[in-house]
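Only one structure is covered here, and it is reproduced in the block below.
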Amino acid sequence: MYPFLDYQADVPKVVSGQGIWLFDEQGKGYIDASSGPMTVNLGHCHPAVISAMQRQVERLHFAYRLHFRSDEAEQLSTRLIELSNDNKGYAFFLNGGSEASEAAYRIALDHYRYQGKEQKNVALGRRITNHGNTIQSLGYGDDRARKVNLLGSAIDPEISEVKLPPCYCLHCPMGKAPQNCQLECVTESLDVIDRFGADRIACVFIEPVTASSGGALVPHERYMSELKAGLAERDILLIADEIVTGLGRTGEWFNMKTWGTEADITIIGKGLGAGFTPISGLLVSRDIGQRLASHNPPHFIGHTYSGNPLSTGIALSVLNTVEHEVGLQAIRSKGLYFRETLIERLNTLPCIADIRGQGLLWAVETTLDRSLAQKFIHCGHEHGINLYACRSSGKDGNALTFLFTPPFIITEDEIDELVDRFRKVFDHAL
């Protein structure tokens, strides 16, 4: 499947899963500490979702969205708009996060094109972030390992290399400390935009909490509102990439709520299908949605499987289970317990640089080099825990940082077991 991996040597083969556990051919269990990664929010084989899947597939599994309406897609749209409880008025569904990311960019382009502002056609992002694996999303993202061979050919480096600074308080790119921070990172972000030309920029992509790249980078409490204000002054859309942070992961339905800020477009995925089906989506403000709908011909996005009844029906079941069986307050409580347990069990290790996060999205940054990642991951497999090493963490992007996004259904006893196994990995890998 992947020529760059020796599958037999590099990874175990799993044959079943239950709750937070995956099991290999020999029956050995592995704690899925990153939810596969960052997707299996309800754990493996949740019975409520499986029952809903069975009922749905027996009733209606597919209808082409341009030929037929379906209750499932319409109900999911309504439910997500209700949960957003902000300026959103329209929802679109696709199949994966990269599709949703690029579709959001296309919506931003049409939003300005329909106003006669065709020159506003550039999407920007920040350093240390990932917004997808298509050519366009690699361009405004900062996953250098994935896009390096495309620079100068499929990706224009003049635009792709223009990046806003991250809000990375441990290694502030502006050389500040939290006690003397004046949000210089926002000032520099707006300066980058002005130097490039705000009249050319359609949108800026932001992960509210940077997840897989930097490792749970929680911004300053005023960062998001001040950045949004600066973008609005320049007539630039803010696109919130909540593919990881959304739908309960940080203890809110949408992480932007934490910062009291409304994005113009929000993209979601991963936890929307919770690993049971491929599905992603966009939530679009009423103003933008009305402009797209009123234009002739109207804006068109989507693919064959977009918004199919099976996937949207499963997503409805996932949302209902998160709301009624898990609960956002439980996610917040478990997140606090997770943080306390990480600090308690790891505080004697001199290599721990930072423990940060929100809800059930946490990272442990070390002073070790990322070249040790595979050693730690293999050692983790020996101790029955699957670890996720972030790709560009630390001051120079080379720190060994682990991201933890366990399933929402994890118990406090299972959190203890997870952290105990993680600690044993340090004891045996160093």
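With the numbering used here applied, the sequence shown corresponds to residues 1 to 430, in that order.
Even for Gly, the Cβ is constructed at its ideal location relative to N, Cα and C.
Here the structure is a predicted model, which is why all the values come from computation and not from measurement.
Here's a check: name, in chain order, each residue in its chain whose Cβ is nearer than 6 Å to the Cβ of residue i, leaving out the five neighbours to either side.
i, result
"residue 89", "286, 289"
"residue 401", "215, 363, 365, 390, 393"
"residue 160", "139"
"residue 258", "252"
"residue 56", "310, 313"
"residue 86", "262"
"residue 219", "167"
Comparing C-alpha positions only, which one of the options sits nearest to residue i?
i, options, result
"residue 198", "369, 410, 119, 388", "119"
"residue 25", "19, 14, 33", "14"
"residue 30", "173, 386, 292", "386"
"residue 300", "415, 109, 98", "109"
"residue 428", "416, 349, 413, 395", "349"
"residue 43", "413, 416, 408, 279", "408"
"residue 327", "53, 256, 247, 175", "247"
"residue 423", "412, 343, 411, 229", "343"
"residue 54", "361, 143, 277, 168", "277"
"residue 157", "237, 70, 135", "135"
"residue 319", "373, 275, 284, 410", "275"
"residue 455", "58, 256, 62", "In the structure as shown, the chain starts at 1 and stops at 430, and residue 455 therefore has no counterpart that could be examined."
"residue 323", "41, 12, 137", "41"
"residue 70", "308, 143, 381, 229", "308"
"residue 361", "410, 62, 373", "410"
"residue 50", "19, 62, 67", "19"
Quick one: measure Cβ to Cβ for residue i and residue j, integer angstroms, because I've assumed they're closer than 8 Å.
i, j, result
"residue 103", "residue 282", "6 Å"
"residue 32", "residue 21", "7 Å"
"residue 271", "residue 78", "The pair is not a contact, with the Cβ atoms about 19 Å apart (cut-off 8 Å)."
"residue 91", "residue 107", "That pair is no contact at about 12 Å."
"residue 170", "residue 354", "5 Å"
"residue 321", "residue 123", "With a Cβ gap of about 34 Å, residue 321 and residue 123 do not count as contacting."
"residue 114", "residue 203", "Actually they are not in contact, since the Cβ atoms of residue 114 and residue 203 sit about 15 Å apart, beyond 8 Å."
"residue 111", "residue 291", "6 Å"
"residue 97", "residue 294", "Not a contact, Cβ separation roughly 28 Å."
Short check: CB of residue i to CB of residue j, under 7 Å?
i, j, result
"residue 155", "residue 139", "yes"
"residue 208", "residue 245", "yes"
"residue 239", "residue 196", "no"
"residue 164", "residue 189", "yes"
"residue 186", "residue 226", "yes"
"residue 383", "residue 356", "no"
"residue 345", "residue 419", "yes"
"residue 312", "residue 76", "yes"
"residue 131", "residue 101", "yes"
"residue 34", "residue 337", "no"
"residue 269", "residue 243", "yes"
"residue 351", "residue 341", "no"
"residue 17", "residue 45", "yes"
"residue 370", "residue 347", "no"
"residue 223", "residue 167", "yes"
"residue 448", "residue 378", "The first residue shown for the chain is 1 and the last is 430, placing residue 448 beyond what the model contains."
"residue 264", "residue 237", "yes"
Taking the beta strand (DSSP E) that residue i belongs to, which residues open and close that run?
i, result
"residue 380", "Counting along the chain, residue 380 falls outside any beta strand (DSSP E), though it belongs to the alpha helix (DSSP H) covering 373–382."
"residue 108", "First-last for residue 108: 97–113, but that is the alpha helix (DSSP H), not the beta strand (DSSP E)."
"residue 240", "237–241"
"residue 123", "122–126"
"residue 229", "No beta strand (DSSP E) holds residue 229; the alpha helix (DSSP H) holding it covers 223–233."
"residue 200", "No beta strand (DSSP E) holds residue 200; DSSP gives it neither H nor E."
"residue 369", "361–369"
"residue 29", "29–32"
"residue 20", "First-last for residue 20: undefined, no H or E at that position."
"residue 48", "Element bounds for residue 48: not the beta strand (DSSP E) but the alpha helix (DSSP H), 47–59."
From what residue to what residue does the alpha helix (DSSP H) around residue i run?
i, result
"residue 393", "Per DSSP, residue 393 belongs to no alpha helix (DSSP H) and is neither H nor E."
"residue 337", "328–346"
"residue 184", "184–196"
"residue 79", "71–84"
"residue 356", "Unbroken run through residue 356 is the beta strand (DSSP E), 352–358; no alpha helix (DSSP H)."
"residue 36", "35–38"
Between which residues of its own chain and residue i is the CB-CB distance below 7 Å, once the five residues before and five after are set aside?
i, result
"residue 306", "65, 93, 94, 95"
"residue 359", "249, 250, 251, 331, 332, 335"
"residue 316", "72, 75, 76, 79"
"residue 141", "125, 129, 130, 131, 132"
"residue 375", "429"
Considering only residues of the same chain and omitting the five flanking positions on each side of residue i, which have a CB-CB separation below 8 Å?
i, result
"residue 439", "Because the chain here runs from 1 to 430, residue 439 falls outside it and cannot be looked at."
"residue 37", "212, 388, 403, 405"
"residue 221", "259"
"residue 200", "119, 120, 121, 122"
"residue 415", "334, 337, 338, 341, 406"
"residue 181", "169, 172, 220"
"residue 412", "334, 337"
"residue 23", "14, 15, 16, 17, 29, 30"
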